[in-house]
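Residue 1 is where the sequence shown starts when you use the numbering used here, and the numbers rise one by one after that.
The next block holds one structure in the form of structure tokens; read it before the comments.
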Amino acid sequence: MGSRIITLPPDLVSKIAAGEVIERPASCVKELIENSIDAGAHKITCEVKGSGVPWITVIDDGEGMTSEEVELSVKPHTTSKLKGESDLWEIKNFGFRGEALPSMCRVAEVEISSRSKTESTGYYIEVKGGKLIEKRETARDFGTTVKVSNLFYNVPVRRKFLKSVATELRYITLVIQRLSIAYPDISFTLVHDEHEILSLQSQPIAQRITAIFGKDFMDTLAPVDYKDSEIRVWGYASKPYALSTTANQLIFVNNRPCKDKIVRKAVLDAYGTPFKDKLPSFIIFIETQPNSVDVNVHPRKEEVRFSDESLIYSAVLKGTREGLSIKGPFIRAPIKREGELELDGYKFWQLHNSYIFTQTKDGVLMIDQHAAHERVMYERITREQIMVQKLLFPVIIELSGIEQKFFYEFKDCFKQLGFEMDEFGEQTIRISAIPSVLKEFTSNEFKSMLLELQEYESVKDDKFMATAKLVACKSAIKSGTPLTYEEMESLVKQLLTANNPYFCPHGRPTMIRMTNEELSRKFGK
Ligand code: ADP
Ligand code: MG
Numbered sequence: 001m002g003s004r005i006i007t008l009p010p011d012l013v014s015k016i017a018a019g020e021v022i023e024r025p026a027s028c029v030k031e032l033i034e035n036s037i038d039a040g041a042h043k044i045t046c047e048v049k050g051s052g053v054p055w056i057t058v059i060d061d062g063e064g065m066t067s068e069e070v071e072l073s074v075k076p077h078t079t080s081k082l083k084g085e086s087d088l089w090e091i092k093n094f095g096f097r098g099e100a101l102p103s104m105c106r107v108a109e110v111e112i113s114s115r116s117k118t119e120s121t122g123y124y125i126e127v128k129g130g131k132l133i134e135k136r137e138t139a140r141d142f143g144t145t146v147k148v149s150n151l152f153y154n155v156p157v158r159r160k161f162l163k164s165v166a167t168e169l170r171y172i173t174l175v176i177q178r179l180s181i182a183y184p185d186i187s188f189t190l191v192h193d194e195h196e197i198l199s200l201q202s203q204p205i206a207q208r209i210t211a212i213f214g215k216d217f218m219d220t221l222a223p224v225d226y227k228d229s230e231i232r233v234w235g236y237a238s239k240p241y242a243l244s245t246t247a248n249q250l251i252f253v254n255n256r257p258c259k260d261k262i263v264r265k266a267v268l269d270a271y272g273t274p275f276k277d278k279l280p281s282f283i284i285f286i287e288t289q290p291n292s293v294d295v296n297v298h299p300r301k302e303e304v305r306f307s308d309e310s311l312i313y314s315a316v317l318k319g320t321r322e323g324l325s326i327k328g329p330f331i332r333a334p335i336k337r338e339g340e341l342e343l344d345g346y347k348f349w350q351l352h353n354s355y356i357f358t359q360t361k362d363g364v365l366m367i368d369q370h371a372a373h374e375r376v377m378y379e380r381i382t383r384e385q386i387m388v389q390k391l392l393f394p395v396i397i398e399l400s401g402i403e404q405k406f407f408y409e410f411k412d413c414f415k416q417l418g419f420e421m422d423e424f425g426e427q428t429i430r431i432s433a434i435p436s437v438l439k440e441f442t443s444n445e446f447k448s449m450l451l452e453l454q455e456y457e458s459v460k461d462d463k464f465m466a467t468a469k470l471v472a473c474k475s476a477i478k479s480g481t482p483l484t485y486e487e488m489e490s491l492v493k494q495l496l497t498a499n500n501p502y503f504c505p506h507g508r509p510t511m512i513r514m515t516n517e518e519l520s521r522k523f524g525k
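See the structure below:
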């Protein structure tokens with residue numbers, strides 16, 4: 001019997017290598033546009049026929065290529081972007097491996113026409129079946145046009161894995177959107193089957209994001225900007241109340257769009273709450289020394305590796321929290337609590353209109369409804385959604401001297417919690433919106449809140465936290481309120497998934513637990 005290990009034929013090897021770079025039409029678009037950006041283009045147009053398999057053209061006004069360069073560009077491992085090994089650890093452009101164009105030549109027909117700024121004429125080449133079949137002069141403006149046709153003509157399996165025209169076009173659009181956000185001063189156009197579907201003029205970043213995702217989306221974002229000696233983290237992230245089931249999450253490392261678990265986790269952790277079905281959107285740019293990121297770890301350069309992951313994590317976490325004004329101690333998403341806080345059978349009884357009695361997998365719980373609700377509300381307003389309710393009739397309040405003192409001292413905290421208020425006259429304020437967790441709201445209630453904040457003086461709590469506790473307390477159901485089964489169920493479930501379910505924000509217990517073991521012991525079993 002011969003050896004089971006054989007040498008693959010070169011043709012197959014080259015198709016395998018090409019397949020890692022060019023996965024689908026959108027990969028061609030990505031590589032071509034990245035080349036145009038590397039060439040310093042100001043205007044990039046991408047034209048696509050159908051799914052991109054028939055043809056894709058990318059036209060730029062960049063620095064172009066000379067006669068010799070055009071021919072070299074399609075040869076394997078030829079690049080103008082790396083001069084030697086040391087450059088590999090300091091990459092500032094998209095390309096460096098010199099394998100995108102040759103890969104496309106292996107799995108498609110490629111035509112390039114280009115004119116360098118240093119030459120008076122342009123050059124045209126055509127590569128078919130992996131071979132240069134034509135080269136001639138051509139009249140054209142500065143810049144480069146690359147057309148990739150008949151993609152995967154020789155790789156039938158790849159074609160089979162491609163999706164519908166609509167899906168492939170969506171991938172192409174996403175690639176262009178991402179790159180266009182990283183380069184808002186470049187104009188981008190996408191034409192599909194002769195219809196212009198994206199047209200972006202050079203503009204500031206915020207306008208670019210708005211042009212792509214819409215104004216409503218932009219309005220839900222808060223700016224993030226953080227800098228220390230090693231790193232700058234900037235961009236935008238959803239305001240805490242604007243989490244959504246459909247999130248746009250974009251990460252750019254030194255302007256390269258990429259996926260990164262660490263950055264993503266740091267942003268999500270910044271919100272502090274575990275997410276059920278709602279997620280934040282974010283567009284985060286990380287700027288750091290090129291030699292502290294390895295961009296050469298993925299065949300399509302979609303991932304990067306940081307030399308110091310914990311530095312990146314903490315900078316992103318900190319930057320995002322500052323940007324969102326999320327205050328208070330950082331608490332990680334809760335660990336799954338098995339047994340002791342796992343409900344068994346969903347049975348609830350209310351005792352004296354004040355306590356809820358229920359059973360867990362390993363015992364019983366007696367829950368103080370007010371303290372429990374206070375905890376739930378507190379976590380919601382400090383780290384989740386601050387939903388604001390506009391008042392139909394603004395509440396006008398005349399403040400006494402002492403009330404006024406506290407009003408000025410805590411005004412910003414109230415605003416941060418969703419109150420909209422303005423002052424008119426010496427001692428009169430008008431409140432036009434309140435956090436929607438507050439069910440009832442009267443001027444007397446607001447006055448009593450101000451006076452309760454006096455306690456802050458003695459407790460020396462963080463001002464924001466003191467105000468949040470007060471709002472949580474005011475919004476929580478009172479002792480003595482009868483609850484329906486559904487209300488009890490919802491309250492208990494929310495409490496059990498809280499970050500800190502055992503205590504109310506003032507530090508009093510929310511529940512008393514007794515395990516089955518303790519019960520048996522007490523009954524002398
Ligand atoms: P890489 O980008 O890794 O260098 P590519 O195969 O993508 O490798 O491109 C090979 C070379 O062709 C580039 O280094 C560049 O010199 C040249 N090139 C490709 N596209 C363009 C373009 N649009 N404008 C100018 N030069 C280009
Ligand atoms: Mg390239």
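Positions of the beta carbon are idealized from the N, C-alpha and C atoms, including for glycine.
Which residues in the same chain as residue i place their Cβ atom closer than 6 Å to its Cβ, once the five residues preceding and following it in sequence are excluded?
i, result
"Val146", "Leu32, Val58, Ile112"
"Ile262", "Glu309, Ile312, Tyr313"
"Val127", "Val74, Cys105, Val110"
"Asn291", "Trp89, Glu90"
"Val148", "Cys28, Ile56, Met104, Ala108, Val110"
"Cys413", "Lys463, Phe464, Thr467"
Which two residues bound the contiguous beta strand (DSSP E) that contains residue i?
i, result
"Tyr236", "231 to 238"
"Leu221", "221 to 227"
"Thr138", "131 to 138"
In the DSSP assignment, the alpha helix (DSSP H) including residue i goes from what residue to what residue?
i, result
"Cys413", "401 to 416"
"Gln249", "Gln249 -> not in any alpha helix (DSSP H); beta strand (DSSP E) instead, spanning 249 to 253."
"Gly546", "Past the edges of the chain, shown from 1 to 525, lies residue 546, and the structure says nothing about it."
"Thr173", "165 to 182"
"Ala527", "Absent from the structure is residue 527, since the part of the chain shown begins at 1 and ends at 525."
"Arg159", "156 to 161"
Starting from the C-beta of residue i, find all residues in its chain whose C-beta is less than 8 Å away, skip the five residues before and the five after it, and write them out in chain order.
i, result
"Phe406", "Leu450, Leu451, Leu453, Gln454"
"Lys160", "none"
"Lys493", "Leu343"
"Lys301", "Phe94, Arg256, Cys258, Val295"
"Lys478", "His370"
From the DSSP output, read off the bridge partner residues of residue i.
i, result
"Ile46", "Looking at the sequence shown, residue 46 is not Ile but Cys. DSSP lists Val58, Leu190 as partners of Cys46."
"Ala433", "Lys390, Glu420"
"Ile512", "Met366"
"Ile112", "Ile125, Val146"
"Ser244", "Leu279"
Put residue i into one of helix, strand or coil per three-state DSSP.
i, result
"Arg375", "helix"
"Gln203", "coil"
"Pro334", "Note on Pro334: pLDDT 41, under 50, position unreliable in the model; no value is reported."
"Cys258", "strand"
"Glu23", "coil"
"Leu198", "strand"
"Val263", "helix"
"Thr428", "strand"
"Phe213", "helix"
"Val29", "helix"
"Ile397", "strand"
"Phe285", "strand"
"Ser36", "helix"
"Lys447", "helix"
"Leu8", "coil"
"Ser14", "helix"
"Leu279", "strand"
"Tyr153", "coil"
"Leu268", "helix"
"Thr382", "helix"
"Glu455", "helix"
"Lys361", "coil"
"Lys522", "helix"
Near residue i, what residues of its chain come up, given a Cβ to Cβ distance below 7 Å and the 5 sequence neighbours on each side ignored?
i, result
"Pro505", "Glu374, Arg375, Tyr378, Lys469, Ala472"
"Ile386", "Pro240, Tyr241, Leu417, Gly418, Pro435"
"Thr510", "Ile367, Asp368, Ala371, Ala372, Arg375, Leu495, Pro501, Tyr502, Phe503, Cys504"
"Val165", "Gly50, Ser51"
(request) May I have a chain-ordered list of the alpha helix (DSSP H) segments no shorter than 4 residues that lie completely inside the stretch 63 to 98? (result) 67 to 73
(request) Scan the stretch 289 to 359 and note each continuous alpha helix (DSSP H) run of 4 residues or more that stays entirely inside, going in chain order. (result) 309 to 324
(message) At 3 residues or longer, what runs of the beta strand (DSSP E) sit wholly inside the stretch 459 to 518?
(response) 511 to 515
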